[in-house]
Amino acid sequence: MKYLNKPIKEINKLLKDKKIKPTDLLDEVYASIEANKDLNAYITLNKEEAYKKAKELESIEVDNLLFGIPIAVKDNICTKGLRTTAASHILENFVPIYDATVVEKINEKNMIIIGKTNMDEFAMGSSSRTSYFGAPKNPWNHDKISGGSSGGSATTVAAGDVLFALGSDTGGSIRQPASYTGLVGMKPTYGRVSRYGLIAFASSLDQIGPMTNNVYNNALLLNVLSGKDNKDLTSIETDEDFTRLIGKPLKDVKVAVPNFFMSDIVSDEIREKVKETIKILEDNKIKVDYIDMKYIDKAVTLYQIIAMGEASSNLARFDGIRYGSSYENPENIYDLYVKTRSRGFGAEVKRRIMVGSYLLSGENAKIYYNKALSIRDDIAKEFDKVFEKYDYIIGPTTTTTAYNLDDPMDDPSKSFMDDVLVIPVNMAGIPGLNIPIGLSKDNMPIGMQIIAPKYEEAKIYQLASFLEEKINFGGDTNE
Amino acid sequence: MKNKLTKEEVLHVADLARIEVTKEELEKYQVELKKLLDDVEKINEVENYDDEIMIAPWTNNTTLRSDVEGPMLDPKEVLLNAPHHTANYIAVPTVINENESEGA
């Protein structure tokens, strides 16, 4: 590796001083992707267009830190003229006619999109094994999952192919794969990043966010992604530099650890590693308290109701009429809907939209969905209450390290339970980040989650950068 | 408590979701869907919550964008993604069929 192991500021200087060209970076990226082909991180590569853009950039002045820097984009984010499948058979040949707002934003900074990353079908899953294109493999151990749903983005960054990737997080889909692969992954505050052009899974939970191998790069990319977008009325104005608190001393900081996060649902090894990290905080005069939080142990149940309900509604648009694959020679329009969808969707997606449709039908909407929304409000209030006294909530990101790719997939609850620790954050719409804190005995990454109140991403990066320096993870997958 | 849905129940939810279930899949879904529906029943274990609801975790005041014409998608490009189209229209199978009481 020549350039892609360097800090972004050094790469930027090399580009600025014309010592290297954007095409040099692409050469390195594509050579690495080719060497790591077996990891199955990508659904579609954008090689031709990427080189075209890199050539164009040679005559443009380097005006920002991300200029000419390659980036991978999760395949549920629309890219104009570049196939976008959401890892589904039903969108196998779908080519969007517009860019997602985040794609416009990275293009404005003259970053170069290198390809579309593998994922769980429509982001439904926790191991990326529901992908129509086969699962990506974990660079740390090729027999293990990379997590999901942003498994391809996690894989390619962890393998060292590229420094930046976009993921999306509905119930942990950025933080959980980041934890399994030893990366920094941020799920921003709901509304921080425009969802326009993100293929919707559960609209009240979905957020796009950055996945990188260090804290600074992560904050830098969030600077680009965030901000008000007239095409997504839930988006908010952002006028701040998320890197501004990185490296700044932590004063009078109080941290809460929910007892639920350290209960016996989490493996001993991960709990030990989190306790070691807590010790580092305490040694540096940061006060850490264990607390009880109501309702968070029920977040998975709420998620199942809300996410499956919203998904059943969002995926109603895949009907074989306007775009996507379509069943030929149907008997009538009902036949077209049913045959198109039955052939186009995979097993996990079908299960979720069937259950979701049921939960929203007739009286059930009151019994399940409305009750879930009530308790969701109480979870958010519970977080608010904790944040009256504490600056951060921390805990493990996952209950185990990455498991085997060939572990059985016969329990439909498993993909939800894998995300038991990350889902509460989506319920409340607050930001959460995974930071790697060490390795297990079998050399797999262990991650910790840092959670803060709404709009406090900069504070999350502050604590994350402190731990990054103390722990010096610097994990090497030997890819 | 029964440990699987009846075949009729599976066919009902499949119809709601516009999904076709093959004979082989039917038995599998009887068990799998029941498992998920049992999961969501756990919501009834929660007591002592207030009546306020949160539809989305989003409290900032919304303002609709001003009602002025913006850039539009080119209909030609839009139609390229439609499996069937004719002139400036997307083509669909017959929606109303006099001989059929069922339909979309």
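Quick mapping for you: the protein sequence lines, in order, are chains A and B. All you need for the numbering used here is the position in the first sequence, starting with 1, plus 935. All you need for the numbering used here is the position in the second sequence, starting with 1, plus 2. Note that CB positions come from ideal geometry on N, CA and C, so glycine has one too.
Would you kindly check if the distance between the Cβ of THR1212/A and the Cβ of LEU1402/A is under 8 Å?
Closer than 8 Å, so yes.
Near LYS1274/A, which residues of its chain fall below 7 Å by C-beta distance, leaving aside the five closest residues on each side in sequence?
TYR1262, PRO1265
Using 8 Å as the limit for Cβ to Cβ distance, is LYS44/B near chain A?
yes
Beta-carbon separation of ILE943/A and ASN1194/A under 8 Å?
no
Can you confirm whether the stretch 971-981 of chain A touches the stretch 1011-1030 of chain A when touching is taken to mean that 3 or more C-beta pairs between the two stretches lie within less than 8 Å?
yes
Are ILE1473/A and VAL1209/A close, meaning C-beta to C-beta below 8 Å?
Because residue 1473/A is not part of the residues shown, which for chain A are 936 to 1414, the question remains open.
Taking Cβ positions only, does LEU18/B come closer than 8 Å to chain A?
So, interface residue.
Below 8 Å between beta carbons: does that hold for MET1344/A and ARG1064/A?
yes
Starting from LEU1147/A, trace the beta strand (DSSP E) both ways and give me its first and last residue.
According to the sequence provided, residue 1147/A is Thr. The question's Leu does not apply to it. Note, THR1147/A: beta strand (DSSP E), 1142-1147.
Grab the span of the beta strand (DSSP E) containing PRO1193/A for me, first residue to last.
1189-1193
Residues of its chain near ARG1418/A, where Cβ-Cβ distance is below 6 Å and the 5 sequence neighbours each way are ignored:
The displayed coordinates of chain A run from 936 to 1414. Any statement about residue 1418/A would go beyond what the structure contains.
Interface partners of PHE1029/A on chain B, CB under 8 Å
ASN83
Taking 8 Å as the threshold (C-beta atoms), are THR1052/A and ALA989/A in contact?
no
Would GLY1297/A be called buried (16 or more neighbouring beta carbons within 10 Å of its own) or exposed?
exposed
Should LEU950/A and TYR986/A be called a contact, given that it needs their Cβ atoms to be closer than 8 Å?
no
Got a sec? Which residues, its chain only, sit under 6 Å from ILE955/A by beta carbon, not counting five neighbours each side?
Closer than 6 Å at the Cβ level, and outside the excluded window around ILE955/A, lie LEU949.
The alpha helix (DSSP H) that contains ASP1218/A, what's its start and end?
1203-1218
For chain A, is any of its Cβ atoms less than 8 Å away from the one on ALA106/B?
Residue confidence for ALA106/B is low, a pLDDT of 43 falling below 50, so the modelled location carries little weight; the figure read from the coordinates is stated next. Output row for ALA106/B: interface = yes.
Taking SER967/A as part of the alpha helix (DSSP H), name the residues at either end of that continuous run.
Taken as a continuous stretch (DSSP letters only), the alpha helix (DSSP H) holding SER967/A covers 957-970.
8 Å contact criterion, which ILE1025/A and SER1350/A should meet: CB distance rounded:
In fact, because the Cβ distance is near 20 Å, the residues do not count as touching under 8 Å.
Which residues in chain A have a C-beta closer than 7 Å to the C-beta of MET56/B? List them in chain order.
The contact set of MET56/B on chain A, defined by CB atoms closer than 7 Å, consists of LEU1308, ARG1311, ASP1312, ALA1315 in chain order.
Buried versus exposed call for VAL964/A [16 or more other C-beta atoms within 10 Å across all chains shown]
buried
LEU75/B versus chain A: which residues are under 9 Å apart at the beta carbon?
Result: ILE1032, TYR1033.
Pull the bridge partners of MET1383/A from the DSSP assignment, please.
PRO1331/A, ILE1370/A
Which of the three DSSP states is assigned to ASP1224/A in this structure?
strand
Helix, strand or coil for GLY1259/A, going by three-state DSSP, please let me know.
coil
At which residue ranges does the stretch 1236-1312 of chain A contain complete beta strand (DSSP E) runs of 3 or more residues, listed in the order of the chain?
Qualifying beta strand (DSSP E) stretches: none in this window.
In terms of residues, what are the limits of the beta strand (DSSP E) holding GLY1102/A?
1099-1104
Range covered by the alpha helix (DSSP H) that runs through ALA16/B:
Note, ALA16/B: alpha helix (DSSP H), 9-18.
Distance, LYS937/A Cα to GLU75/B Cα
The amino acid occupying residue 75/B in the given sequence is Leu; Glu does not appear at that position. Roughly 43 Å separates the two Cα atoms.
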